[in-house]
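Accompanying notes for the structure given below.
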Amino acid sequence: MVKMPPFITNQYYHIYNRGNNKEPIFFRESNYIFFLNKFKYYLSGNLTLLCFCLLPNHFHLLVKVKDRGSDDISVKISNLLRRFFISYSQAINKQEERVGSLFQKPFKRKIIRNEEQLLLTVYYIHFNSVKHGIDESYTDYKWSSYPSIVNQVGQFLNIENCIRMFGGIETFIDMHRDAFINKKEIRMDAIARSDGILNKK
Numbered sequence: 329m330v331k332m333p334p335f336i337t338n339q340y341y342h343i344y345n346r347g348n349n350k351e352p353i354f355f356r357e358s359n360y361i362f363f364l365n366k367f368k369y370y371l372s373g374n375l376t377l378l379c380f381c382l383l384p385n386h387f388h389l390l391v392k393v394k395d396r397g398s399d400d401i402s403v404k405i406s407n408l409l410r411r412f413f414i415s416y417s418q419a420i421n422k423q424e425e426r427v428g429s430l431f432q433k434p435f436k437r438k439i440i441r442n443e444e445q446l447l448l449t450v451y452y453i454h455f456n457s458v459k460h461g462i463d464e465s466y467t468d469y470k471w472s473s474y475p476s477i478v479n480q481v482g483q484f485l486n487i488e489n490c491i492r493m494f495g496g497i498e499t500f501i502d503m504h505r506d507a508f509i510n511k512k513e514i515r516m517d518a519i520a521r522s523d524g525i526l527n528k529k
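Sequential numbering from 329 applies to the sequence shown in my numbering.
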């Protein structure tokens with residue numbers, strides 16, 4: 329098993345997972361809001377949520393670890409994430425009258441090591457609904473953070489920090505449009521190559 333990177337203060341991470349056997353993890357509209365509320369309840373004290381995309385059978389989150397002056401921050405966040413996933417899973421299992429694991433185990437996370445990888449990850453997350461054929465336009469997908477960031481309205485996000493990464497809202501919009509139109513390689517292997525993890529295709 330590949331060892332996941334520890335959580336480090338002020339570091340960015342891409343957290344993602346999908347349903348067990350690629351099955352749904354969201355069954356109703358209310359489940360998406362419930363998921364985000366659970367994340368906020370368990371993790372907003374230690375993680376800043378910068379962008380997300382929730383799809384019927386998987387999710388992507390871009391987060392930044394807050395500086396809480398704790399030496400055991402990695403263990404603390406890992407435990408809080410487990411509690412978050414367990415709490416959400418138990419509620420969905422009760423709702424759907426199902427048993428067993430809702431998510432694949434373990435959840436995945438990638439450390440973001442440079443600015444290129446950071447921006448590629450934002451694009452990858454925001455374009456995910458189009459990639460999987462769920463929506464024709466990344467700008468309109470309801471359960472992506474993109475509309476919230478553009479409209480600068482959203483209770484779950486640190487919108488200012490995400491916009492600041494791009495140098496302003498207009499640049500944020502323009503860079504997304506250019507990346508999408510030019511069919512830039514926004515794939516997991518492209519993100520990994522920007523990190524130096526992969527040297528060739």
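Think of the CB as a built atom: it goes at the ideal place given N, C-alpha and C, for glycine as much as any other residue. Nothing here was measured: the structure is a model prediction, and the numbers come from that model.
Problem set entry | Own chain residues within Cβ distance below 7 angstroms of Thr337, not counting five before or after | Val393, Asp395 and Ile401
For this session: Could you check the C-alpha separation between Phe380 and Phe363 for me, to the nearest Å?
Result: 12 angstroms
For this session: Classify Lys394 as helix, strand or coil using the three-state DSSP reduction.
Result: coil
Exercise. Closer than 7 angstroms, CB to CB, is Arg492 near chain D or not?
Worked result: The displayed structure is made up of one protein chain only, and chain D is not part of it.
Exercise. In terms of residue numbering, what span does the alpha helix (DSSP H) encompassing Lys438 cover?
Worked result: Note, Lys438: premise wrong, no alpha helix (DSSP H); beta strand (DSSP E) at Lys436 to Ile440.
Exercise. What is the DSSP secondary structure of Arg346, counted as helix, strand or coil?
Worked result: strand
For this session: Counting only runs of 4+ residues fully inside the segment 425-508, write out the alpha helix (DSSP H) ranges in chain order.
Result: 443-454, 456-459, 474-479 and 487-494
Exercise. Candidates Phe484, Pro352, Ile477 and His342: which alpha carbon is nearest Arg426's?
Worked result: Pro352
Problem set entry | Opposing strand residues paired with Leu377 [DSSP bridges] | Val391
Problem set entry | Segment limits, alpha helix (DSSP H) that includes Glu357 | Glu357 to Leu371
Exercise. How about Tyr369 and Ile439: do their beta carbons lie closer than 7 angstroms?
Worked result: no
Exercise. CA-CA distance, Ser417 and Asn489?
Worked result: 30 angstroms
Problem set entry | Burial state of Arg492, where buried means 16 or more other Cβ atoms lie within 10 Å | exposed
Problem set entry | Supposed contact pair Ile501 and Val478 - C-beta distance, whole angstroms, cut 8 angstroms | 6 angstroms
Exercise. Is it true that the CB of Tyr344 sits closer than 7 angstroms to the CB of Trp471?
Worked result: no
For this session: Taking only the alpha-carbon atoms, compute the straight-line gap between His388 and Pro334 and give it to the nearest angstrom.
Result: 18 angstroms
Exercise. Candidates Arg410, Ser398 and Glu498: which alpha carbon is nearest Lys436's?
Worked result: Arg410
Problem set entry | Cα-Cα separation, Asn456 to Gly496 | 23 angstroms
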